[in-house]
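See structure below.
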Amino acid sequence: MKIWRMAAAAGLAASSIAMADSDWAAAVSGNWSVPGNWNPADVPDSAGETATIDVAPGTYTVTLDAGMSAPTIFGLDIGHSGAQLDVIGGRSLTIDGGLFHNEGLVRLNSNNSASDAFVLFNVSTTLTGSGKITLMRTGADSRIESAPGAVVTVGADQKIDGRGEINAALVNLGVIESDVAGGVLSLRVNDKVNSGTMTARSTGTLSISGIAVDNTLGSILGAESGVVRFPPDSPEVQVTGGVVSMQDAARVEVLGSSAPTFDAVTISGAFDVLGGGQLHVRNGLTQSTGTLTVNSNASSSDAILRFVNSGALDGAGTVRLARSGGDSQLVADAGITVTHASGHTISGRGTIAAAMINDGLIRSDIGGASLILTTYDITNNADIEASGGGQVDLKSITINQAGGGRLLADGGTLRVPAGPAATIGGGEIETLNSGLLQVDSSASLSLDGVTLNGNANIQGGGTVSVTGGMALNGTIVVNANSSSSDAILHIADTSAITGVGTILMSRSSSDSQFTTEPGETVTIGADTTVEGRGQVHAALINDGTIESDVGGSRLELTTNDKTNNSIIRATGGGIIEIDGITLVNAPSGVIHAGDNSIVDFPVGMHAVNGGTISSAGTGSARVSSSGVLTLDQVTISGSLDIFGSGTLVVGTAGVTNDGVIVVNSNASASDARVQLSDGSTLAGSGQIILTRLPTDSQIMTSPGESGTLAGDMRITGQGQIVGDVSIACILEPGMTAPATISHAGTITFDPAGWYRVRIASTSSHGRFSGSADVTIGGTLNPVFEGGYTPVKNHFFTIITAGSVAGDFDAIDAPALPDGLVYRLVKTATSVDLRIVCAPDLNADGSLDFFDVQTFLQAFSAQSDPGDYNEDDVFNFFDVQAFLNAFSIGCP
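Quick note: our numbering has the sequence shown finishing at residue 879, numbered continuously throughout.
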């Protein structure tokens, strides 16, 4: 050791102090204050002296005893591993020359006194050797101190352990360890550099307060049940670099009112930020394993993990936000971005108020509790998840998922609370296991180019606005809580909703709304359904299904015109209401009323162009009272009812009626009408039933306009035909019994038309009566019903009119008994069908001269009935046949 001392002395050659040694004299225990225990017999107690304890072999203790107060010496050299120096309470040792070599053990406050025991280093000193210093009592009772400007370096093989305080400015190359059960070893007052190991083990606590720790090359460790603690102090602790690693049941504790800063630190194991405490992160935080719990003691005081500049939160660990609301927070100030790395997890409940790039997992997993994402926008390239009954609240921020991120509700809820709008851009929203996306009352959510694979609820008073289209593979419920406040699904640009999903309108009238921005149009995809009850204001193109399926409730298609390339239908007792719009129906487009269901055209003006209106069972389309429906190039297949004061307008391109149109189906005293536009044709193989006299059921044209009724269509019942109308179909007054259809205007029976007269008796038969100028033509088709048997001289007035012109081109009638024939008697204002004997040519019921006269006039004019034998030749045989019949008389 002489060589070592000489080297130390050489380092102080410029000093005016003459160095002297006092060596412990023997390998026996004794007190420092006894001169005889030293060689020479001089107690080392001055700045120029070095105390050397280097006697070997054996173990012994040198006690800095009550006989000594506070010796200041040049240095201390404990050169023997069996040597121990005890500094009792109330005593201290000051090193003034920078020499501290320790191969043994130094114990501070060895007698567990309430009086302080400490070592003070007046100059920068390196603790060399392979020994250790043990602090024996918590708090200030055991201390290592340094004078201002002095730095204590703990050598690589040195160890400081126990409990007490290390207040010295310190560079640690060795080990500093709190290892006393229940004890606290405090690092405080002066900054430290740790290039070795600082450890808490057993149930000991390593407390770091009010200092900066440069941990760039070092490790702060915990083992067994040790605690590394950061209590409140001023200034706050800053740990720079290195590793803070907890093993076993060890943990880090940031106490309430404390706010240490970790600068580019790697942590692992258990890390607790208690209520009221904060952990500040600078230049990122790597959490290789374990859990960092924010508000681990479930305090009502806020616990905060705060990023003070932009950086990464990475590793394979978990940040656990343990208490709701503001009690557990992960935050960053404006302009700061946290990059949450792949493999890392943020979970629990509380608040994230940080601009973030999420490449990891953010998960709310506590049943009934919320993880609130607020204040700053988040770029999500991975997963944000609600599970286990937990809830993720998207509070007035934008989630940008253009990089392929996913919002997942797996048995939990993704919730948008009331307040300014939240936005989700791109990526996927997925729900599993009863999970849900929920937009609360007075909340607003904007979705931009999002795929929704799952279910979403819009509460009453909530709004979802869609831009960039949506792939919907689930169900959006509009007004899921059956509120009287309006819930709205709004499409903000021209785009499409595709996928195999459903938009479920769950409450009537305006409480459930589907809307578009003015001038924009939404396309409903081929496999997408809009169903339920409420209002569809949207300008839309339907390639999918629109369905009213709630019994007695209406799904209203209103405000903006719509195009239907697929199916719009009412089922299950529901009502589709087409209100005040033009619905352009492609040739493949169908508007359908299922059994016991209705397609209603209410009060106001409505139009359908193209496609088909159909019904099944007891279902029907309906023009309600004061409703006006214009159809153009539409095929009616099924029932269409026109209520009293309702009007069906046949557009100029015409309508095909292959169903049943009932005019005044509600037996109203107000007129119901089918109105033919100028030049239009209503044709088909169906039926028009006029239900009420005199004018309550009408087929009409406006003054100066004309229209045509054509095809195999039958006009039946009782009512009125008014205007300039050409009948090229079947006119059949009566339905369950013969009846009268009245007329006014100008009526023409087209050659293709049929006038079917139902005959039950001479007093009960079909009539076409009115003031119109009627031109007859086509085919007269009398039919017998109700057991009627034709009898000679039965007369039927089948037409009365203002004037009658023309003739029927043919009579298609049942065969009569031998000797009886049909005769038509036409006057200027009427047409009679009469059953008479064959030679009664003037059909007056008698055979007389007037019949002969009638024959001769007709024969001379070569007109019917002059060709009496009906061989299409006018000759002697006709005269012979008539005279034979006349002479025989009537049966």
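C-beta: ideal position from N, C-alpha, C; glycine also.
Where the beta strand (DSSP E) containing residue i begins and where it ends
i: Ile676; result: Gln675 to Thr679
i: Ala105; result: Ala105 to Phe109
i: Tyr743; result: Trp742 to Ile747
i: Ile569; result: First-last for Ile569: undefined, no H or E at that position.
i: Arg125; result: Element bounds for Arg125: n/a, residue is neither H nor E.
i: Lys814; result: Leu808 to Lys814
i: Trp12; result: Ala8 to Trp12
i: Glu544; result: Arg542 to Thr546
i: Glu418; result: Glu416 to Leu420
i: Ile354; result: It is not in any beta strand (DSSP E) - Ile354 carries neither H nor E in the DSSP assignment.
i: Lys780; result: Run containing Lys780: none; DSSP gives neither H nor E here.
i: Tyr48; result: Tyr48 to Leu52
i: Leu205; result: Unbroken run through Leu205: none, as it is neither H nor E.
i: Val591; result: No beta strand (DSSP E) contains Val591, which DSSP labels as neither H nor E.
i: Ala657; result: Taken as a continuous stretch (DSSP letters only), Ala657 belongs to no beta strand (DSSP E), as it is neither H nor E.
Alpha carbon of residue i to alpha carbon of residue j, nearest angstrom
i: His782; j: Ile823; result: 5 Å
i: Thr817; j: Thr736; result: 14 Å
i: Ile(-9); j: Gln146; result: The predicted model places Ile(-9) with a pLDDT of 31, which falls under 50 and marks its position as unreliable; any figure quoted below should be read in that light. Using only the alpha carbons, I get a separation of about 21 Å.
i: Leu96; j: Ala29; result: 25 Å
i: Val861; j: Ala873; result: 18 Å
i: Gly754; j: Pro770; result: 9 Å
i: Ile446; j: Ile334; result: 27 Å
i: Ser276; j: Ile345; result: 19 Å
i: Gly355; j: Val240; result: 27 Å
i: Asp866; j: Pro879; result: 21 Å
i: Ser287; j: Ala304; result: 27 Å
i: Pro923; j: Gly457; result: With the chain represented from -11 up to 879, any question about residue 923 goes unanswered, as that position is not in the structure.
i: Gly711; j: Arg557; result: 35 Å
i: Gly336; j: Gly70; result: 54 Å
i: Thr327; j: Asp365; result: 12 Å
i: Gly775; j: Gln675; result: 25 Å
i: Thr882; j: Gly152; result: This structure gives no information on residue 882, because the portion of the chain shown stretches from -11 to 879.
i: Arg702; j: Gly632; result: 21 Å
i: Ala459; j: Gly487; result: 5 Å
i: Val713; j: Ser612; result: 25 Å
i: Ile5; j: Ser213; result: Annotation note: pLDDT 41 at Ile5 (below 50); position unreliable, no value reported.
i: Asn863; j: Ser851; result: 12 Å
i: Ala8; j: Ala39; result: 9 Å
i: Asp321; j: Ser471; result: 38 Å
i: Asn285; j: Ser453; result: 41 Å
i: Ala329; j: Leu382; result: 21 Å
i: Arg79; j: Pro59; result: 9 Å
i: Gly77; j: Gly272; result: 44 Å
i: Leu349; j: Val518; result: 34 Å
Beta-carbon gap between residue i and residue j smaller than 9 Å
i: Leu571; j: Val591; result: no
i: Gly489; j: Gly448; result: no
i: Gly522; j: Asp537; result: no
i: Leu697; j: Thr734; result: no
i: Val181; j: Val159; result: yes
i: Val651; j: Val638; result: no
i: Gly900; j: Leu628; result: Beyond the ends of the chain as shown, which are -11 and 879, falls residue 900; an answer cannot be given.
i: Asp620; j: Ala641; result: yes
i: Asn203; j: Gly244; result: no
i: Gln389; j: Thr362; result: no
i: Thr126; j: Val172; result: yes
i: Leu93; j: Leu73; result: yes
i: Ile954; j: Arg176; result: The chain is shown only over -11 to 879; residue 954 falls outside these bounds and no answer can be derived.
i: Met723; j: Gly705; result: yes
Endpoints, the alpha helix (DSSP H) within which residue i is located
i: Ala849; result: Phe837 to Ala849
i: Asn872; result: Phe864 to Ile876
For residue j and residue i, believed in contact at Cβ under 8 Å, the rounded distance
i: Leu829; j: Thr842; result: 4 Å
i: Ile880; j: Leu545; result: Residue 880 falls outside the range modelled here, since the chain spans only -11 to 879, and no answer is possible.
i: Ser352; j: Gln379; result: 6 Å
i: Asp761; j: Ala716; result: The pair is not a contact, with the Cβ atoms about 18 Å apart (cut-off 8 Å).
i: Ala44; j: His68; result: 5 Å
Closer than 8 Å: residue i CB and nearest the ligand GTP heavy atom
i: Asp236; result: The model depicted lacks the ligand GTP and carries no ligand whatsoever.
(request) Kindly confirm or deny that the segment 128 to 143 and the segment 100 to 107 touch, where touching means at least three C-beta pairs closer than 8 Å. (result) yes
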